[in-house]
Amino acid sequence: MTTPRIPKNTICLWFDKDALDAARFYAATFPDSEVRAVHPAPGDYPSGHKGDVLTVEFTVFGIPCLGLNGGPDFPHTEAFSFQVATDTQEETDRYWNAILDNGGRESACGWCKDRWGLNWQITPRPLTEAMIAGGAEAERAFAAMMQMRKIDIATIEAARRG
88 MTTPRIPKNT ICLWFDKDAL DAARFYAATF PDSEVRAVHP APGDYPSGHK
138 GDVLTVEFTV FGIPCLGLNG GPDFPHTEAF SFQVATDTQE ETDRYWNAIL
188 DNGGRESACG WCKDRWGLNW QITPRPLTEA MIAGGAEAER AFAAMMQMRK
238 IDIATIEAAR RG
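Counting with our numbering, you get residues 88 to 249 for the letters of the sequence shown.
The following block contains the structure:
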(Lines of atoms letter the chains of each structure in order from A and count residues from 1; the text may use other names and numbers.)
(Lines give C-alpha, C1' and ligand atoms only; values in the text may rest on other atoms or scores of the structure.)
Protein backbone atom coordinates (compact mmCIF):
# COMPACT_ATOMS: atom_id res chain seq x y z
CA MET A 1 0.00 0.00 0.00
CA THR A 2 1.33 3.42 -0.99
CA THR A 3 1.17 6.24 1.52
CA PRO A 4 -0.52 9.32 0.02
CA ARG A 5 1.70 12.33 -0.56
CA ILE A 6 1.29 14.85 2.25
CA PRO A 7 1.65 18.48 1.13
CA LYS A 8 4.61 20.40 2.60
CA ASN A 9 2.32 23.24 3.69
CA THR A 10 -1.38 22.90 4.49
CA ILE A 11 -3.82 25.37 5.98
CA CYS A 12 -5.36 23.80 9.08
CA LEU A 13 -8.84 25.11 9.84
CA TRP A 14 -10.33 24.31 13.24
CA PHE A 15 -14.03 23.46 13.31
CA ASP A 16 -16.28 22.55 16.18
CA LYS A 17 -17.62 19.33 14.65
CA ASP A 18 -18.63 20.02 11.05
CA ALA A 19 -15.42 20.15 9.01
CA LEU A 20 -16.85 17.64 6.54
CA ASP A 21 -19.97 19.75 5.90
CA ALA A 22 -17.81 22.82 5.34
CA ALA A 23 -15.41 20.98 3.03
CA ARG A 24 -18.30 19.60 0.99
CA PHE A 25 -19.77 23.11 0.64
CA TYR A 26 -16.43 24.58 -0.47
CA ALA A 27 -15.93 21.75 -2.97
CA ALA A 28 -19.40 22.28 -4.43
CA THR A 29 -19.06 26.08 -4.56
CA PHE A 30 -15.54 26.89 -5.73
CA PRO A 31 -13.69 25.59 -8.80
CA ASP A 32 -10.56 23.49 -8.33
CA SER A 33 -11.88 22.41 -4.92
CA GLU A 34 -12.53 18.92 -3.64
CA VAL A 35 -12.82 16.73 -0.58
CA ARG A 36 -9.81 14.43 -0.81
CA ALA A 37 -10.03 12.29 2.32
CA VAL A 38 -11.96 11.87 5.56
CA HIS A 39 -10.21 10.42 8.60
CA PRO A 40 -11.99 9.05 11.68
CA ALA A 41 -10.58 9.51 15.16
CA PRO A 42 -8.58 6.43 16.20
CA GLY A 43 -9.74 6.92 19.80
CA ASP A 44 -11.78 9.17 22.05
CA TYR A 45 -10.66 12.79 22.34
CA PRO A 46 -11.90 15.83 24.32
CA SER A 47 -14.53 16.83 21.73
CA GLY A 48 -15.47 13.47 20.30
CA HIS A 49 -15.29 9.74 20.22
CA LYS A 50 -13.48 7.00 18.39
CA GLY A 51 -14.85 6.78 14.84
CA ASP A 52 -16.08 10.40 14.68
CA VAL A 53 -14.74 12.43 11.77
CA LEU A 54 -11.54 13.96 13.15
CA THR A 55 -9.92 15.44 10.06
CA VAL A 56 -10.94 16.19 6.50
CA GLU A 57 -8.43 16.80 3.72
CA PHE A 58 -9.76 19.16 1.07
CA THR A 59 -8.74 21.87 -1.35
CA VAL A 60 -10.20 25.34 -1.91
CA PHE A 61 -9.20 26.81 -5.28
CA GLY A 62 -6.37 24.28 -5.31
CA ILE A 63 -5.07 25.30 -1.88
CA PRO A 64 -4.58 22.26 0.38
CA CYS A 65 -6.53 22.47 3.63
CA LEU A 66 -7.11 20.25 6.60
CA GLY A 67 -10.34 20.60 8.55
CA LEU A 68 -9.89 19.57 12.17
CA ASN A 69 -12.97 18.82 14.27
CA GLY A 70 -11.31 20.06 17.44
CA GLY A 71 -14.32 21.34 19.33
CA PRO A 72 -15.66 24.80 20.17
CA ASP A 73 -12.59 26.20 21.96
CA PHE A 74 -11.04 28.08 19.01
CA PRO A 75 -13.54 29.85 16.73
CA HIS A 76 -12.55 31.46 13.44
CA THR A 77 -11.80 35.20 13.45
CA GLU A 78 -11.25 37.90 10.85
CA ALA A 79 -7.52 37.42 11.43
CA PHE A 80 -7.69 34.65 8.81
CA SER A 81 -9.68 34.74 5.60
CA PHE A 82 -9.73 33.39 2.09
CA GLN A 83 -9.44 36.15 -0.50
CA VAL A 84 -11.14 35.21 -3.76
CA ALA A 85 -10.25 37.30 -6.82
CA THR A 86 -13.20 37.60 -9.21
CA ASP A 87 -13.29 38.83 -12.79
CA THR A 88 -16.95 39.70 -13.30
CA GLN A 89 -19.93 40.89 -11.30
CA GLU A 90 -21.65 37.59 -12.05
CA GLU A 91 -18.75 35.67 -10.49
CA THR A 92 -18.65 38.05 -7.52
CA ASP A 93 -22.41 37.64 -7.01
CA ARG A 94 -22.24 33.85 -7.37
CA TYR A 95 -19.65 33.34 -4.60
CA TRP A 96 -21.11 36.01 -2.34
CA ASN A 97 -24.64 34.66 -2.67
CA ALA A 98 -23.53 31.04 -2.23
CA ILE A 99 -21.96 31.90 1.12
CA LEU A 100 -24.92 34.01 2.30
CA ASP A 101 -27.55 31.57 1.02
CA ASN A 102 -25.87 28.78 3.00
CA GLY A 103 -26.27 30.52 6.34
CA GLY A 104 -23.47 33.08 6.03
CA ARG A 105 -23.63 36.79 6.70
CA GLU A 106 -22.29 39.83 4.97
CA SER A 107 -19.89 42.36 6.35
CA ALA A 108 -18.27 45.47 4.88
CA CYS A 109 -15.88 46.07 1.98
CA GLY A 110 -16.31 42.72 0.24
CA TRP A 111 -16.06 40.59 3.37
CA CYS A 112 -18.54 37.91 4.37
CA LYS A 113 -18.54 35.07 6.86
CA ASP A 114 -19.74 31.56 6.10
CA ARG A 115 -22.01 29.62 8.44
CA TRP A 116 -18.98 27.99 10.09
CA GLY A 117 -17.48 31.39 10.95
CA LEU A 118 -14.76 31.35 8.28
CA ASN A 119 -14.18 34.75 6.68
CA TRP A 120 -14.06 35.37 2.93
CA GLN A 121 -13.03 38.41 0.94
CA ILE A 122 -14.79 38.33 -2.42
CA THR A 123 -12.57 40.84 -4.22
CA PRO A 124 -13.07 41.82 -7.85
CA ARG A 125 -9.81 42.34 -9.73
CA PRO A 126 -10.78 45.90 -10.80
CA LEU A 127 -10.70 46.89 -7.12
CA THR A 128 -7.27 45.33 -6.59
CA GLU A 129 -6.00 46.93 -9.80
CA ALA A 130 -7.20 50.34 -8.59
CA MET A 131 -5.36 49.88 -5.29
CA ILE A 132 -2.19 48.91 -7.16
CA ALA A 133 -2.52 51.96 -9.45
CA GLY A 134 -2.26 54.23 -6.42
CA GLY A 135 -2.82 57.96 -6.35
CA ALA A 136 -6.20 59.58 -6.91
CA GLU A 137 -7.54 56.51 -8.70
CA ALA A 138 -6.89 54.35 -5.63
CA GLU A 139 -8.32 56.99 -3.32
CA ARG A 140 -11.57 57.19 -5.30
CA ALA A 141 -11.95 53.41 -5.59
CA PHE A 142 -11.14 52.99 -1.90
CA ALA A 143 -13.72 55.60 -0.90
CA ALA A 144 -16.34 53.85 -3.05
CA MET A 145 -15.46 50.44 -1.56
CA MET A 146 -15.79 51.78 1.98
CA GLN A 147 -19.51 52.36 1.31
CA MET A 148 -20.15 48.80 0.12
CA ARG A 149 -20.83 45.39 1.51
CA LYS A 150 -20.60 43.23 -1.63
CA ILE A 151 -18.32 44.96 -4.14
CA ASP A 152 -20.06 46.46 -7.15
CA ILE A 153 -17.61 46.45 -10.05
CA ALA A 154 -19.43 49.11 -12.10
CA THR A 155 -19.27 51.53 -9.16
CA ILE A 156 -15.57 50.78 -8.59
CA GLU A 157 -14.79 51.31 -12.28
CA ALA A 158 -16.72 54.59 -12.32
CA ALA A 159 -14.80 55.75 -9.24
CA ARG A 160 -11.51 54.81 -10.90
CA ARG A 161 -12.36 57.02 -13.88
CA GLY A 162 -13.32 59.90 -11.60
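Ideal Cβ positions, reconstructed from N, Cα and C, are used throughout, including at glycine.
- Within the stretch 154-197, complete beta strand (DSSP E) segments of at least 3 residues are found at 168-173, given in chain order.
- Residue state for Gly138 is assigned as coil, using DSSP reduced to three classes.
- By the 16-neighbour rule on beta-carbons within 10 angstroms, Asn96 is exposed.
- The closest CA to that of Pro151, considering only Ile93, Thr242 and Ala228, is found on Ile93.
- DSSP places Arg123 in the uninterrupted beta strand (DSSP E) bounded by Glu121 to Pro127.
- Where Ile243 is concerned, the enclosing alpha helix (DSSP H) starts and stops at Ile240 to Arg248.
- The C-beta distance from Pro162 to Gly204 rounds to 5 Å, short enough to meet the 8 Å contact threshold.
- Excluding five sequence positions before and after Thr210, the CB atoms of its chain that fall closer than 8 Å to its own CB belong to Gln170, Val171, Ala172, Thr173, Gly197 and Ile238, given in chain order.
- Between Gly249 and Glu216, the C-beta gap is not smaller than 9 Å, which leaves the two residues out of contact.
- The C-alpha of Leu214 lies about 23 Å from the C-alpha of Asp119.
- Apart from the 5 residues on each side of it in sequence, Gly149 sits with its Cβ closer than 8 Å to the Cβ of Asp119 and Ser120 in its chain, given in chain order.
- With fewer than three CB-CB distances shorter than 8 Å, the stretch 128-144 does not count as touching the stretch 179-189.
- Taking the Cα positions, Arg192 is about 27 Å away from Glu226.
- Taking the CA atoms as reference points, Trp207 sits about 31 Å from His136.
- In the structure shown, Pro133 adopts coil according to DSSP, grouped into three states.
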